[in-house]
Amino acid sequence: MQILKDRILRDGQNLGGGILKVDGFINHQVDPALMDACGKEFAEQFKDVGATKVLTAEISGIAPAVSTALHLGLPVVYARKTKPITMPDQVFLTLAPSHTKGRTVELIVSPEYLTAKEKVLIIDDFLASGATILGLARLAQTAGARIVGIGALVEKTFEKGREALQPLGVPVVSLVAITRMEGKTIEFKE
């Protein structure tokens with residue numbers, strides 16, 4: 006997706022160690038017009054998978070997930086990293102390593118909002134190692150839901166996350182794919 010690629014080249018920063026800083030337009034300060042365009046693209050890509058819910062992880066996945074869900078006419082459920090007092094005692098919980106946080110985080114979803122009747126489309130900001138998306142998939146599977154697709158704004162192909170997701174047997178769409186990040190260089194898959 007050219008608009009996202011251009012924005013990464015203009016405003017993204019390669020911080021080294023596989024970290025791409027995009028918090029000025031994706032995951033701290035959000036560009037709503039960019040997220041709307043990304044959501045439209047995901048909606049087009051996944052319009053025929055039969056999704057009934059969009060699932061993501063807080064906080065960075067919320068903007069692209071909400072935009073996608075809006076264009077598909079679906080609700081969004083996001084996995085929380087801490088359990089609020091409003092959540093029931095029995096929850097779906099899994100652990101996933103966070104590359105940017107440098108530690109393992111909890112992903113928690115209430116069974117009120119993720120059930121066995123759901124067909125889940127997972128949307129997140131990054132596909133790197135696949136660990137967070139696999140955590141979301143485990144939550145959906147624990148609920149008895151069926152995963153019907155996975156979308157990521159940015160895929161870092163050199164971290165092999167797509168390969169980790171292959172056993173899920175669902176379509177995986179990334180709007181841009183980065184093949185190399187060295188020095189200040191960011192190279193995209195054509």
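My numbering applies: residue 6 is where the sequence shown begins, and numbers increase by one. Glycine residues also receive a C-beta, built at the ideal position from the N, C-alpha and C atoms. It should be emphasised that the depicted structure is a prediction, and the values quoted were computed from it without experimental measurement.
When DSSP builds the beta bridges, which residues end up paired with M186? Paired residue(s): I191.
Measure the Cβ-Cβ separation of V82 and K58 and say whether it is below 7 Å. Contact: yes.
According to DSSP, which residues form a beta bridge with Q95? Checking the DSSP bridge columns, you'll see Q95 has no partner listed.
I need the straight-line Cα distance from D36 to P102, nearest angstrom please. Whole-angstrom Cα-Cα distance: 27 Å.
Please classify I64 as buried or exposed, where buried requires at least 16 other C-beta atoms within 10 Å of its C-beta. Exposed.
Thinking T61 and I155 are a contact (beta carbons under 8 Å), I'd like their distance in whole angstroms, please. At roughly 11 Å, the Cβ-Cβ gap does not stay under 8 Å, so T61 and I155 are not in contact.
Excluding the 5 residues preceding and the 5 following L9 in the sequence, name in chain order all residues of the same chain whose CB lies nearer than 6 Å to its CB. Beyond the five residues adjoining it in sequence on each side, L9 comes within less than 6 Å, by CB distance, of L180 and V181 in the same chain, given in chain order.
Quick test of your reading: L119 and A148, contact by CB under 8 Å. State the CB separation rounded to the nearest angstrom. Rounded, the Cβ-Cβ distance is 4 Å, consistent with contact.
Determine the burial state of T73: buried for a count of at least 16 other Cβ atoms within 10 Å of its Cβ, exposed for fewer. Residue burial is scored here from C-beta neighbours: T73 has at least 16 other C-beta atoms within 10 angstroms and is therefore classed as buried.
Residue range of the alpha helix (DSSP H) that D129 falls in? Element bounds for D129: not the alpha helix (DSSP H) but the beta strand (DSSP E), K124 to L132.
Quick check for students: name the residue ranges of the beta strand (DSSP E) that lie wholly in the stretch 28-87, counting only runs of 3 or more. Within the stretch 28-87, the complete beta strand (DSSP E) runs of at least 3 residues fall at 58-62 and 81-84.
Looking only at its own chain, which residues have a Cβ that is under 7 Å from the Cβ of T162, when we skip the five neighbours before and after it? The residues are A182, I183, T184 and K194.
If you follow the alpha helix (DSSP H) that L173 is in, where does it begin and where does it stop? No alpha helix (DSSP H) holds L173; DSSP gives it neither H nor E.
Just the C-alpha distance for A121 and D28, rounded to the nearest angstrom, thanks. Straight through space, the alpha carbons of D28 and A121 are spaced by roughly 35 Å.
Using DSSP with H/G/I as helix, E/B as strand and the rest coil, what is I138? DSSP places I138 in helix when its eight states are reduced to three.
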